[in-house]
Every structure is written in structure tokens, then in C-alpha cells.
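Numbering (UniProt numbering), first residue to last: 1 to 378.
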């Protein structure tokens, strides 16, 4: 009897990060996309439907790698993946070992670390910087790259292996043809008061990302006798003592709502009711050359954007007429934009529509997913 031809097993991929927060959108989108063509397993500090296990984590880099490396190596031996997809440069030593045994490494670069080392409050020891430089040079010769920004090509101009620029655009949340929410868009669970100006912020909360400016803007709005709430979704990277000493904090503390790092099912229903979404990044580090993912998430939710007047951001916001670009330290200009949105509902509604259409047609994950899969095929 002739033997049946056995179908080849799908290529096995292991996606690893020891530090990304729970339900990180970029991680989840990558896993879902790769799962359409590959057998995907993940090792993260939290569980997903593809979890092989849960990685131990710690705020201090040295402790984190000492905890994580043995676990990762054990799962590499157990799962025998053909491809290792890493999301953090601290995993490059493990990648070197895996590459030495013939595996393929896909290294995803999500920030220009050289521009940020000097501004990091921890894990910035010169030894860590020197180790990063050595392993980063090794990666350029031995890894495939996923770059999340076009500007990173200036940092990685001559890569030996294949690369793809895969932006962190959001998944489509609105059907631009019908104007109706797609099925997985969370419904409004708690309607916000229409008598209050609601401002939204999504992402890591730091001074470099405009926390002090946002406090000053809220104070200015209150001084003009407008009721205002600032909804902040993300991990607070400013300690409590420093927060309380910021100018205007005591004046506006009652108007701030800190949600912490929560899933989109919690943040999106509130954000999409806001008068404006704020992305007031200061001109430091790699911010002027990198898109803030919150910019496109606001657009896809139909929230007018108020963001920094960097040329990269202006090319999106002003071209698609979905908000305003301002000096991220100019409290008066930001106040004026918010006041304009609050008092001109027709204009605000048009900005919402423009943003949603632009996000649907030009800045959605569906296009980026194809580029990721194409890189894996090559």
C-alpha cells in the first residue's frame, strides 16, 4: 500500500519579551498576524492564547535577565522553534546563542535606544550601554530586522539580512463605508457628561511626554470657568512625590483621572467620547522622528488630535485635517485649540470624520501585517 504524503509541519515561531506590559497592542497584533501562517508560541510576563509559559520580570535590568534567560533557554530546547522573534535588545545574548545553533532571529526595534539612554532614569549604566553597542553591531550582521519607524533606517543604514518597516498602526475600529463600529469595538459603558470638556491621553505618562504641560492646560481651562476632566490611560513613570511638586498639580488634582495601564476595552469607550486626544511629546530623544501610536489610535476612534508641531506629525494631522499641531510647551496655544473644539461642534465633528477616514485608508494594521508576513516568507 502506498504511503500517504505527510503534510509538512508549520514553521514554529517563538515570540519573546520580558518587559512589555499586559495586553500590549503591538505584541498582540504581531502574534495574531503570525498565527495565520505559523505555529506561534509566546513567552511574556503575562498570558495570551499562544503562551508557552510566563516569564518572570523585574524593573531592574540585571535582575530581569538573570531571571528570564534560563526560562527562555529551557523553552527554546523544549519547543525547538525555527524562528525567534525578540522585542527587546536585552534578549540579543539569547538570540546569539540561538543563532549559533542555526535558528533564524527576527529582531524588532521599537525605539532608538542610543538617543534615549541619557534620559533613562534606570537601567542606564555605562556597562549596559557598552553591552548594547556590541550586541547591536552583532545583530546587524546576523538578524532579520523589523523596524517600527522609517527614521530608524538612519540608525540602521546597512543591514546584512532582510528587514521590513512595520509601523505600529491600529487595527481598524470603524467601517469608513458605513460609519458603524466594527464588531470588536467596545461599546460605551459609561457615557461622559456633555457639560464637561473631556481630554484623553493614552500611553506612558512622563514629563517628556507632556505631563507638566497637560496639568498647566487643565489649570488654564479651569481658570476660564470650563469644567474639565483629563483621562490618563497608561503607566505612571513619575513617582508620587515628584508628581505632587509639579506646578498646578494641587490645583487640578481633582480633575485628573488616572486609570493605570488598562486594556483597550476599558480605555477606548472613554477616549472616543473625549473632546481631544493629547500627544504633546517634547523635542527630545527619538520623539521628533517617531510616530506616537496614540496619534493613530485617536484618529481611528474619531477623536480630534492635538499634538506636537514636528514635521513628521504635521504631515499626518495637517494633511488629513484631523486636529492641530502646536508647540508642545505652549500652554496658550493648546488651550486655544481645546476651546475651539469645545465651542465649534461642527468643526470638531468634521475633524473626527477626517481622522477616522485617514486611519481606515492610510494608517491601519492590515497593511503593516502584510509587510510582516512578507518578511517572514523571504
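Ideal Cβ positions, reconstructed from N, Cα and C, are used throughout, including at glycine.
Please read all numbers here as calculations on a predicted model, not as lab measurements.
Which residue comes first and which comes last in the alpha helix (DSSP H) that contains residue i?
i: residue 331; result: 331-343
i: residue 125; result: No alpha helix (DSSP H) holds residue 125; DSSP gives it neither H nor E.
i: residue 252; result: 249-252
i: residue 238; result: Run containing residue 238: none; DSSP gives neither H nor E here.
i: residue 77; result: 61-79
i: residue 308; result: No alpha helix (DSSP H) holds residue 308; the beta strand (DSSP E) holding it covers 305-308.
i: residue 86; result: From DSSP, residue 86 is part of no alpha helix (DSSP H) but of the beta strand (DSSP E) over 83-86.
i: residue 205; result: From DSSP, residue 205 is part of no alpha helix (DSSP H); its letter is neither H nor E.
i: residue 227; result: Counting along the chain, residue 227 falls outside any alpha helix (DSSP H), and DSSP gives it neither H nor E.
Considering only their Cβ atoms, is the gap separating residue j from residue i smaller than 7 angstroms?
i: residue 297; j: residue 170; result: yes
i: residue 246; j: residue 212; result: yes
i: residue 168; j: residue 148; result: yes
i: residue 270; j: residue 234; result: no
i: residue 279; j: residue 292; result: yes
i: residue 323; j: residue 356; result: no
i: residue 215; j: residue 259; result: no
i: residue 50; j: residue 42; result: yes
i: residue 162; j: residue 151; result: no
i: residue 10; j: residue 39; result: yes
i: residue 92; j: residue 135; result: yes
Can you tell me the Cα-Cα spacing of residue i and residue j, whole angstroms?
i: residue 106; j: residue 76; result: 15 angstroms
i: residue 67; j: residue 25; result: 25 angstroms
i: residue 53; j: residue 47; result: 7 angstroms
i: residue 124; j: residue 109; result: 18 angstroms
i: residue 85; j: residue 58; result: 21 angstroms
i: residue 227; j: residue 252; result: 11 angstroms
i: residue 351; j: residue 329; result: 23 angstroms
i: residue 198; j: residue 339; result: 12 angstroms
i: residue 23; j: residue 263; result: 6 angstroms
i: residue 358; j: residue 365; result: 13 angstroms
i: residue 155; j: residue 273; result: 39 angstroms
i: residue 266; j: residue 240; result: 24 angstroms
i: residue 343; j: residue 200; result: 18 angstroms
i: residue 172; j: residue 369; result: 12 angstroms
i: residue 284; j: residue 208; result: 7 angstroms
i: residue 141; j: residue 160; result: 5 angstroms
Report the three-state DSSP secondary structure of residue i (helix, strand or coil).
i: residue 210; result: coil
i: residue 349; result: helix
i: residue 354; result: helix
i: residue 47; result: coil
i: residue 258; result: strand
i: residue 176; result: Low confidence applies to residue 176: its pLDDT is 44, below 50, so where it sits in the model is not reliable, and the reading given next is rough at best. Residue state, collapsed to three classes: coil.
i: residue 289; result: helix
i: residue 19; result: coil
i: residue 35; result: helix
i: residue 158; result: coil
Since residue i is in the beta strand (DSSP E), which residue starts that stretch and which ends it?
i: residue 270; result: Per DSSP, residue 270 belongs to no beta strand (DSSP E); it is in the alpha helix (DSSP H), 264-271.
i: residue 322; result: First-last for residue 322: undefined, no H or E at that position.
i: residue 108; result: 104-109
i: residue 145; result: 144-147
i: residue 166; result: No beta strand (DSSP E) contains residue 166, which DSSP labels as neither H nor E.
i: residue 98; result: Element bounds for residue 98: not the beta strand (DSSP E) but the alpha helix (DSSP H), 92-100.
i: residue 12; result: 12-16
i: residue 278; result: 276-279
Am I right that residue i and residue j are in contact with their C-beta atoms under 8 angstroms? What's the rounded C-beta distance?
i: residue 375; j: residue 146; result: 7 angstroms
i: residue 17; j: residue 131; result: Not a contact, Cβ separation roughly 18 angstroms.
i: residue 315; j: residue 326; result: Wrong, their Cβ atoms sit about 15 angstroms apart, outside the cutoff.
i: residue 341; j: residue 304; result: 6 angstroms
i: residue 231; j: residue 21; result: Actually they do not touch by this definition, with Cβ atoms about 18 angstroms apart.
i: residue 14; j: residue 79; result: 6 angstroms
i: residue 371; j: residue 166; result: 5 angstroms
Compare the C-beta of residue i against all C-beta atoms of chain D and say whether one is closer than 7 angstroms.
i: residue 209; result: No chain D appears in the structure shown, which is made up of a single protein chain.
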